[in-house]
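Residue numbers (the numbering used here), protein chains in the order written: chain G, 6 to 536; chain X, 236 to 548.
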Amino acid sequence: MASPLGKRRIAKKVLSLAFIGALLSTGNVQAEKVLRVNMHSDLKIVDPIWTTAYMSRNYGYMVYDTLFAINTKGEVKPQMIDNVSISEDGLTYDFTLRDGLMFHDDAPVTSEDVIASLKRWGAKDAMGQKMMTFVAEMSATGDSTFQFKMNEPTGMVMQALGKPSSNVPFIMPARIAATPPGEQITEYVGSGPFVFLQDEWKPGDKAEFAKFEGYVPRDEPADGLAGGKEVFVDKVVWKVIRDQQTKMNALSKGELDVIEQPAHDLLPLMEQDPNIQLVDLNPFGSQYTFRYNVLHPPFDNPKIRQALMYAFDQEEFLYAAVGDEAYFKTCKAMFICGTPIATEAGFEDKLSGNLEKARELIKEAGYDGTPVLLMHPTDLTILEPLPPVAKAIMEDIGLVVDMQAMDWQTLVGRRNKQEPVAEGGWNAFITAWNAVDNASPLTTPFLNAGCDKALFGWPCDEEIQSLRDEFAREADPAKQLALVEKLQIRVAEYPTHIHLGQYLQPHAMGKNISGAPVSPVPAFWGYKIAD
Amino acid sequence: MWAYLTRRLLSVIPVLLVVATIVFLMLRLTPGDPAANIAGDAATTEDIAKLRVELGLAEPLPVQFGIYIKNLVQGDFGESFYYKRSVISMVADGVGPTLSLALFTIVIACLVAVPLGTLAAYKQGSWLDRTVMGFSVVGFSVPVFVIGYVLIYFLSVKLGWFPVQGYQPINEGIVGWAYRLILPSTALSVIFIALIARMTRTSVLEVLNEDYIRTARAKGLASRKILLKHALRNAAVPIVTIIGIAIGILISGVVVTESVFVIPGLGLLTLDAIQGRDYPTVQALIILFSVVYVVINLVIDLLYTLLDPRIRY
């Protein structure tokens, strides 16, 4: 029989063991391979056609697959498609789906699913709408074959079907794709490499995805968003952590595996951390853009808009926002440096801080002192430093600037107001786009100069619209480049927006992580976790 | 007593109606457009206009208000604009973490602050008193995120004793649940320790100067008995009041602590909903917080009758 002292000792030991056991259970001991990722934002909307939000697009690449996809060189490659043949007159496209494509509910992917999905996407997405103007008929010619009959030849079909960013033509089961494009889908079944675990989704906390065992990757190695999407983890968890310092600490202590967008000012600390590696996965980076509202003075006058193109110096903006030259590059090509259509045409003498020329143009324009209402989002680290730079330059060339501080959501609400400034409207703001969105005249959202049909800012120019249409029809790369040159020259005369340079946003990840795919959009196939 | 309770409970109805009306109006007057947020950066003005219709935001304000009040009376708080989930289920998800954090914090605060405040009063003017009062000034002055970062740096990053972040629900293990709450609760409790210790000291000091304490001393009662039985109990009314207020503050959102320690509670839900202009979620949360305050006040008032027999309702 144990003495009271002995009993106490035993009880103490049992308690200690229980405590240690509990501590271990909260640590990193995991039977399954789980990749814990902090994305740039919380997943809010799980219909990537209904919204253009980047997080919904990223979710789309987990759960759905695409007919075509771009590789790291920006070339469009077949993804769900096995082969495609185009008739000599360019009026008939015959597509064949590759074998083994299955939805997460074990139903095979059929051409009916593809056509229903493309109809929904084509009704919603701007590039989809453009493509549909060329398509006379889409029809299923077999379970895994389908055909496009065209009104006239165009070079944009593959570009549109391989569009990498919002809205991406993801393929869904026909019953889900039958949902009107203005309504959100309520069933989340795709044929992509991951299954969305709806029951584990905790808004504001986490979203979980399990490896789809029925997914058959292509035989080729993964290359950008194209190639074989091989998955080496059992589960991916998108964990919401808002505080930048906490993210970094969690990564350093192994409580997190990947941070999609670490703050630029923490990168030097991360570089010194022995447990963290910084990996640049997006070869194109992101592009800053200054957007004018052309409806109201003073930016209803193209000469004043031109003046800003001369006055702004990309370097000044990039230093202010990013700081480290290793993570930014100046680039006068409107459609992103490094793409096949990159050219400086129209901008050779602009974007380098020519204040004298800018002042001349302001004088010629007869500027009457109307203040520029510049919206300044103070809650987004990556944008916050930019408006003060723009304000200083604008004032230097003689414009009066009223810079108003607000949170991003207020800005988003206000930028859709077409009313004059006095009635709650606006004149300008600065934002950033994933560069891949701006890599083509057809996808660049701010280039749409279709007046009321254009994005906020509402530029209105027939010549720009007609050059974009010509680009859509053209299939020859050399002729496409020539059209881009003409287009950029026209934009320099009738500015729709100003590209303020590109910046890179490396992912931060643990040293035990490898295989992350290089891609303009965050993707989670290929990742390996070392023990 | 029952009549009082009924009266107090009935008074909740007009309070909630006023709160519901104010929160409805304030949200609609705040700049920002949920439809524009939801539609995304590349959505056209036409897309956003369609979405406004779909969300019911294109209706005139009185119509929107009528629908909102009608649903509220039926207990229907609606669906989140973003997640397309019932607001009640989202709020329910956040209650566990927030309640856990609040209770853990208040227990730590009471266990530390009440004895400290009582001793400080008893030893008025001593080094202990000065230390406690000095600590309470520091506790009021240092922001909670600074305390949080310092604790994380030393106890998690340097010593590795605690995880940097995260919450574990109690149903996944009580030890893990408590273990993960130690750091955030400690960080958060500092200000409440300062507050409660100060209030305890003042109340006990006041009581210690009463005639009946002098009588107890004259009778030769032990100091411990005098302090615990006579002084503290009679000083309890203001202390309980301040603890109640602290619980209300803790439940209605400790955004910074939840953000630094990644606790998916009501504070972060409120912040996200306000930033995204998710009207149904904000409305439900504010109404919930009002109910919490009303109930806590009622409980405190009832506790008074236990602590002070002179109080009768």
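Glycine residues also receive a C-beta, built at the ideal position from the N, C-alpha and C atoms.
Other residues of its chain near residue i: CB distance less than 7 Å, five sequence neighbours each side excluded
| i | result |
| --- | --- |
| P113 (chain G) | L106, M107 |
| A212 (chain G) | L48, W206, W243 |
| F73 (chain G) | V81, K82, P83, Q84, I86, M163, L166, G167 |
| A145 (chain G) | S116, E117, I120, F151 |
| F24 (chain G) | Note that F24 (chain G) has pLDDT 46, beneath the 50 cutoff, so the model's placement of it is unreliable and the number below is only indicative. None. |
| D282 (chain X) | A274 |
Contacting residues, own chain, Cβ-Cβ under 6 Å from residue i (five flanking each side not counted)
| i | result |
| --- | --- |
| I367 (chain G) | A312, I402, G403 |
| D111 (chain G) | none |
| V236 (chain G) | P198, K216, W530 |
| D407 (chain G) | P376, L378 |
| T56 (chain G) | I50 |
| T421 (chain X) | none |
Three-way DSSP call (helix, strand, coil) for residue i in this model
| i | result |
| --- | --- |
| A350 (chain G) | coil |
| Y332 (chain G) | helix |
| L360 (chain G) | helix |
| R547 (chain X) | coil |
| S30 (chain G) | Because S30 (chain G) carries a pLDDT of 47, less than 50, the predicted location of this residue cannot be relied on, and the following value inherits that uncertainty. S30 (chain G) falls in the helix class under three-state DSSP. |
| N298 (chain G) | coil |
| W413 (chain G) | helix |
| D507 (chain X) | helix |
| V489 (chain X) | coil |
| H45 (chain G) | coil |
| D282 (chain X) | helix |
| Q311 (chain G) | helix |
| Q152 (chain G) | strand |
Beta-carbon proximity of residue i to residue j, cut-off 8 Å
| i | j | result |
| --- | --- | --- |
| V42 (chain G) | K244 (chain G) | yes |
| I477 (chain X) | I431 (chain X) | yes |
| V399 (chain X) | I387 (chain X) | yes |
| R478 (chain G) | L452 (chain G) | no |
| H502 (chain G) | Y297 (chain G) | yes |
| T448 (chain G) | M132 (chain G) | yes |
| L485 (chain X) | A348 (chain X) | no |
| S361 (chain X) | A429 (chain X) | no |
| F316 (chain X) | P378 (chain X) | no |
| S424 (chain X) | I343 (chain X) | yes |
| G79 (chain G) | P345 (chain G) | yes |
| V523 (chain G) | T77 (chain G) | yes |
| A513 (chain G) | M275 (chain G) | yes |
| K252 (chain G) | P267 (chain G) | yes |
| V490 (chain X) | L467 (chain X) | no |
Proximal chain G residues relative to residue i, where beta-carbon distance stays under 7 Å
| i | result |
| --- | --- |
| G511 (chain X) | Q414 |
| Y384 (chain X) | Q250 |
| L499 (chain X) | In the sequence as displayed, the identity of residue 499 (chain X) is Pro instead of Leu. What P499 (chain X) touches in chain G: K207, G209, D210. |
| A278 (chain X) | T57 |
| E557 (chain X) | Here chain X comprises residues numbered 236 to 548, so residue 557 (chain X) is not present and cannot be evaluated. |
| Q400 (chain X) | I246, T251, A255, E260 |
| M325 (chain X) | P208 |
Contact test: residue i Cβ vs the ligand ADP heavy atom, cutoff 7 Å
| i | result |
| --- | --- |
| Q164 (chain G) | No copy of the ligand ADP appears in this structure; indeed no ligand is present at all. |
Per-residue contacts from residue i into chain X (C-beta, under 8 Å)
| i | result |
| --- | --- |
| S90 (chain G) | What S90 (chain G) touches in chain X: nothing, since even the nearest Cβ is about 32 Å away. |
| D47 (chain G) | D507 |
| P450 (chain G) | D276, A277 |
Residue i: contacting residues in chain X (beta-carbon distance under 7 Å)
| i | result |
| --- | --- |
| N63 (chain G) | Those within 7 Å of N63 (chain G) in chain X number zero; the least Cβ separation is about 12 Å. |
| Q189 (chain G) | K319 |
| I50 (chain G) | I273, Y317 |
| I40 (chain G) | It is Leu, not Ile, that sits at residue 40 (chain G) in the sequence shown. Near L40 (chain G) there are no residues of chain X at all, since even the closest Cβ is about 16 Å away, more than 7 Å. |
Partners in chain G for residue i, counting only beta-carbon separations shorter than 8 Å
| i | result |
| --- | --- |
| A271 (chain X) | V417, G418, R420, N421 |
| P266 (chain X) | M411, T415, G418, R419 |
Residues that residue i contacts on chain G, provided the C-beta gap is smaller than 9 Å
| i | result |
| --- | --- |
| V392 (chain X) | N254, S257, K258 |
Contacts of residue i in chain X (Cβ-Cβ under 9 Å)
| i | result |
| --- | --- |
| P158 (chain G) | Here the premise fails: no neighbours, minimum Cβ distance about 27 Å. |
| S122 (chain G) | None at all; the shortest Cβ gap to chain X is about 19 Å. |
| K458 (chain G) | T279, T280, E281 |
Neighbourhood of residue i by C-beta, 8 Å cutoff - its chain only, sequence neighbours within 5 removed
| i | result |
| --- | --- |
| M399 (chain G) | L313, A316, V377, L379, V406 |
| I181 (chain G) | I190, E192, V194 |
| V534 (chain X) | G479 |
### Every unbroken beta strand (DSSP E) within the region 68–114 of chain G, with a cutoff of 3 residues, ordered by chain
For the region 68–114 of chain G, whole beta strand (DSSP E) runs of length 3 or above, ordered along the chain, are 73–75, 81–83, 86–91, 97–102.
### Task
Could I get the ranges of all uninterrupted beta strand (DSSP E) runs contained in the region 405–481 of chain G, with 3 residues as the minimum, in chain order?
Entirely contained in the region 405–481 of chain G, the beta strand (DSSP E) runs reaching 3 residues are, in chain order, 406–411, 433–439.
### Query
Residue ranges of each beta strand (DSSP E) run of no fewer than 3 residues wholly in the region 161–203 of chain G, ordered along the chain?
Fully enclosed beta strand (DSSP E) runs of 3 or longer: 199–201.
### Query
Along the chain, which unbroken stretches of the alpha helix (DSSP H) at least 4 residues long are found entirely within the region 262–333 of chain X?
Whole alpha helix (DSSP H) segments, 4+ residues: 269–274, 280–290, 296–308.
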